[in-house]
Amino acid sequence: MIKFPANFMWGAATSAPQSEGYALSYGKSASTWDQWYQMAPEKFKKDQGPDSACDTYRLYSEDVANMTKIGMNSFRTSIAWTRLIPDGKHVNQVAVDYYRDYFSQLKAAGITPIINLFHFDMPWWLMEKGGWETRESVDAFAFYAKTAFELFGDLVDRWTTFNEPIVHIECGYLTGYHYPDIVDFKKAVQVGYHTLMAHTAAVAEFKKVKPDGQIGIILNITPAYAKSDAPADQVAKEKADLLLAKSFLDPTVLGKIPDALVELLAENDLLPVIEAADQQLIAANCVDFVGVNYYQPLRVQAPENPQVPAVTTDDLYLPYIWPERKINPYRGWEIYPEALYDVAMMMKDQYRNIPWYVSENGMGVADEERFMDDHGQIQDDYRIEFMTEHLEQLHRAIQDGSSCFGYHTWTFNDCWSWLNGYQNRYGFYRVDLDDNAKRTMKKSGEWFRQLSQNNGF
Ligand code: BG6
Numbered sequence: 000m001i002k003f004p005a006n007f008m009w010g011a012a013t014s015a016p017q018s019e020g021y022a023l024s025y026g027k028s029a030s031t032w033d034q035w036y037q038m039a040p041e042k043f044k045k046d047q048g049p050d051s052a053c054d055t056y057r058l059y060s061e062d063v064a065n066m067t068k069i070g071m072n073s074f075r076t077s078i079a080w081t082r083l084i085p086d087g088k089h090v091n092q093v094a095v096d097y098y099r100d101y102f103s104q105l106k107a108a109g110i111t112p113i114i115n116l117f118h119f120d121m122p123w124w125l126m127e128k129g130g131w132e133t134r135e136s137v138d139a140f141a142f143y144a145k146t147a148f149e150l151f152g153d154l155v156d157r158w159t160t161f162n163e164p165i166v167h168i169e170c171g172y173l174t175g176y177h178y179p180d181i182v183d184f185k186k187a188v189q190v191g192y193h194t195l196m197a198h199t200a201a202v203a204e205f206k207k208v209k210p211d212g213q214i215g216i217i218l219n220i221t222p223a224y225a226k227s228d229a230p231a232d233q234v235a236k237e238k239a240d241l242l243l244a245k246s247f248l249d250p251t252v253l254g255k256i257p258d259a260l261v262e263l264l265a266e267n268d269l270l271p272v273i274e275a276a277d278q279q280l281i282a283a284n285c286v287d288f289v290g291v292n293y294y295q296p297l298r299v300q301a302p303e304n305p306q307v308p309a310v311t312t313d314d315l316y317l318p319y320i321w322p323e324r325k326i327n328p329y330r331g332w333e334i335y336p337e338a339l340y341d342v343a344m345m346m347k348d349q350y351r352n353i354p355w356y357v358s359e360n361g362m363g364v365a366d367e368e369r370f371m372d373d374h375g376q377i378q379d380d381y382r383i384e385f386m387t388e389h390l391e392q393l394h395r396a397i398q399d400g401s402s403c404f405g406y407h408t409w410t411f412n413d414c415w416s417w418l419n420g421y422q423n424r425y426g427f428y429r430v431d432l433d434d435n436a437k438r439t440m441k442k443s444g445e446w447f448r449q450l451s452q453n454n455g456f
């Protein structure tokens, strides 16, 4: 029998833009996603835009009841910046009422809310000024964060600033899956730096408004695995680790941007514009905990003829496909639970054994209706197996001293996922878009209830 520590957090995560719907209603202004969808709906799978999110704005009471049914004792979602402060200055009371009622219902049901501030949803009014490219974004985010802490701090003790900052940086400025969909390494680094400073400013506000609370950040982390022991592959691995993991882990947990990262950026003419007091602010505003999103490992090899200075990350490290890999055939991602052990031990050994939790882990499946039985239930044994294997590795790391306090899956309801629309289903509840967003529990929901009731398996 595998038992997890007492008071372990069992739950799931989603985000406001992926679950709420009503993208331009009830006083909400446009985010980059809402605007991009207006401009280029053909980019979105099956033309499904942010309004097709799974209707939580209307159905949140039912959702809270459904969370209870599967034994969740905690849940992460986000606030939509564009709903709470549509013009960046004035609070939308309709949004305040909505979020207060939602969070109160969670608490009344014994479900600890973890509330995140930014899940890729940049307000359009700020994007028009450059978004994270401008330093102005730091102050705008700090104001939003302070407002949220003041409005909901009595209901929410655990907060996070950003979900996967590396993703909006990479996808927006290097690989083209997020707006503004450009390739510009220098801008990507500046965007990353302003994101870090926005996080730092939000933590500083938090310490003033809610000194008794806990503040963290959600990072998509995996230690990179090199193709071989050859020095060039090892250097590629170090560069990937610096850019993708240490870039946010070091300043947010240890209070300092790594010297090796500064050197790497300088060598490639990528240093961002900084302000004199920034390092002091970073050092003074470390997080209380970290959320780690883990889906698949990162495998890298040395690039063959890299350009210097680097134009894209391909000039620093290249993706490598491990021939022996086990694959999720329904999403194409490698399945490698051992990386969760490695990341857990990395948190212990390199990041002062800070309290952390798995803030997302899950298995995306395309065309999941093919696994529906005669009673209309999705028989997702593959997902149960995926999670069980990851939990075994997590448990091993906890036995070895890593301070992990919870496991959240992605996600609770099948939800809308950016350009991918509803292609990849991850939920414990199936959402039927043709039947008023009707929720039906999958087999994994029943499994999760047992897991949480037994605090193990
Ligand atoms: C996570 C993000 O990395 O991946 C989510 O935090 C996203 O926002 C999830 O929905 C699944 O992504 P995909 O591409 O498989 O739908």
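Number 441 in numbering that gives the first Met the number 0 belongs to position 442 of the sequence shown; there are no gaps in the numbering.
Note that beta-carbon positions come from the ideal geometry of N, C-alpha and C, so glycine has one too.
Source: prediction; values computed, not measured.
Which of helix, strand or coil DSSP assigns to residue i
i	result
residue 114	strand
residue 305	coil
residue 431	strand
residue 448	helix
residue 221	coil
residue 11	strand
residue 329	coil
residue 323	coil
residue 70	coil
residue 269	coil
residue 47	coil
residue 75	strand
residue 158	strand
residue 359	strand
residue 216	strand
residue 412	strand
residue 383	helix
residue 371	strand
residue 189	helix
residue 122	strand
Rounded Cβ spacing between residue i and residue j (contact assumed at less than 8 Å)
i	j	result
residue 119	residue 198	About 14 Å separates the two Cβ atoms, so there is no contact after all.
residue 150	residue 95	6 Å
residue 215	residue 288	4 Å
residue 14	residue 162	7 Å
residue 22	residue 49	4 Å
residue 354	residue 427	In fact, because the Cβ distance is near 25 Å, the residues do not count as touching under 8 Å.
residue 394	residue 11	Not quite, the Cβ-Cβ distance comes to about 19 Å (not below 8 Å), so this is no contact.
residue 1	residue 456	6 Å
residue 316	residue 239	4 Å
Beta-carbon contacts of residue i that lie in its chain and below 7 Å, excluding the five residues immediately before and after
i	result
residue 19	52, 55, 56 and 79
residue 389	336, 339 and 360
residue 189	132, 271 and 272
residue 217	115, 159, 161, 162, 163, 290, 292 and 358
residue 139	87 and 125
residue 29	23, 81 and 123
residue 473	With the chain running from 0 to 456 in the structure shown, residue 473 is simply not present.
residue 371	377
residue 436	53, 54, 58 and 430
residue 4	397
residue 72	8, 9, 10, 109, 110, 111 and 451
Sequence-distant residues of the same chain with beta carbon closer than 6 Å to residue i, five excluded per side
i	result
residue 282	254
residue 226	232, 300 and 319
residue 424	364, 367 and 413
residue 212	156
residue 457	Here the chain covers residues 0 to 456 and nothing more, so residue 457 does not appear.
residue 191	168
residue 305	314
Own chain partners of residue i with C-beta closer than 8 Å, once the 5 adjacent residues on each side are dropped
i	result
residue 176	170, 417 and 418
residue 342	220, 221, 222, 291 and 293
residue 146	83, 84 and 90
residue 106	112 and 154
residue 38	none
residue 141	197, 200, 201, 203 and 204
residue 181	171, 172 and 175
residue 260	241, 242, 245, 246 and 249
residue 330	362, 363, 364, 365 and 423
residue 34	123, 126 and 178
residue 383	442, 443 and 446
residue 307	266, 267 and 314
residue 208	145, 148, 149 and 152
residue 387	456
residue 252	285, 286, 289, 350, 351 and 353
residue 433	none
CB contact below 9 Å: residue i versus chain C
i	result
residue 275	The chain inventory of the structure shown lacks chain C, comprising one protein chain alone.
Practice task
Please confirm if the stretch 330-337 is in contact with the stretch 260-272, defined as three or more CB-CB distances below 8 Å between the two stretches.
Solution key: no
Problem - Stretch-stretch touch, CB-based, cutoff 8 Å, three pairs: the stretch 56-70 with the stretch 37-47 - result: no
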